[in-house]
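Residue numbers (this note's numbering): 327 to 531.
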């Protein structure tokens with residue numbers, strides 16, 4: 327392995343990029359070569375790339391009552407591999423052009439959970455599946471008052487049917503441990519909050 331190789335955009339040669347599908351989502355086929363750690367260029371590789379808008383996920387947290395607000399909705403991706411494709415998740419949405427991630431977090435909290443968020447605490451920006459998708463997720467914890475939260479929400483014109491749950495943080499963490507919560511953004515946010523709860527509550531209570 328070469329110690330002098332520093333990866334960067336110039337180390338990738340795009341031979342061809344084909345448009346395979348254009349709908350709500352996009353699919354491209356990319357033919358490329360890239361530099362090898364041992365030196366020189368590797369062989370041509372072809373990969374399908376799922377082209378998506380970046381997304382925002384936010385975990386509403388009530389520091390006074392040490393509770394989180396999660397939403398439950400049907401997910402087509404879980405249909406064939408889960409006994410229950412209604413998943414417990416974070417409030418989330420896609421970023422439209424010229425939107426700030428914080429604005430998306432606040433808008434989606436109102437639409438999906440009828441919640442008004444206070445301060446937003448950035449957790450991370452990450453790729454959920456970079457082997458085949460270019461999506462990046464902006465992840466937040468959002469301060470909220472969970473008293474009275476609940477019910478069914480969502481935008482009918484988008485086919486949303488979203489049930490709101492208020493859980494003590496310890497119960498949500500137990501749901502991560504036993505596999506009831508099995509989606510990446512929720513696991514990351516809840517585990518982050520478990521590690522940083524004292525600091526967050528110290529500033530927000």
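The beta carbon of each residue, even a glycine, is placed where N, CA and C say it ideally should be. All of these numbers come straight from a predicted model, not from anything done at the bench.
- Residue pairing by DSSP leaves residue 379 without any beta bridge partner.
- The beta carbon of residue 411 sits closer than 7 Å to those of 400, 401, 404, 405, all from its chain and outside the five residues before and after it, given in chain order.
- Distance between residue 452 and residue 514, taken at the CA atoms: about 11 Å.
- Within the stretch 409-475, the runs of beta strand (DSSP E) at least 3 residues long that lie entirely inside it are, in chain order, 412-415, 417-420, 446-452, 463-469.
- In the three-state scheme derived from DSSP, where H, G and I count as helix and E and B as strand, residue 522 is classed as helix.
- Beta-bridge annotation (DSSP): residue 509 is not paired with any residue.
- About 7 Å separates the beta carbon of residue 443 from that of residue 431, a gap short enough to meet the 8 Å contact definition.
- Burial check for residue 510: the Cβ neighbour count within 10 Å stays below 16, so the residue is exposed.
- 463 is the residue among 508, 377, 409, 463 whose C-alpha sits nearest the C-alpha of residue 454.
- Secondary structure of residue 332 (DSSP, three-state): coil.
- In its chain, beyond the 5 residues on either side, 359, 360, 362 have a beta carbon closer than 7 Å to the beta carbon of residue 368.
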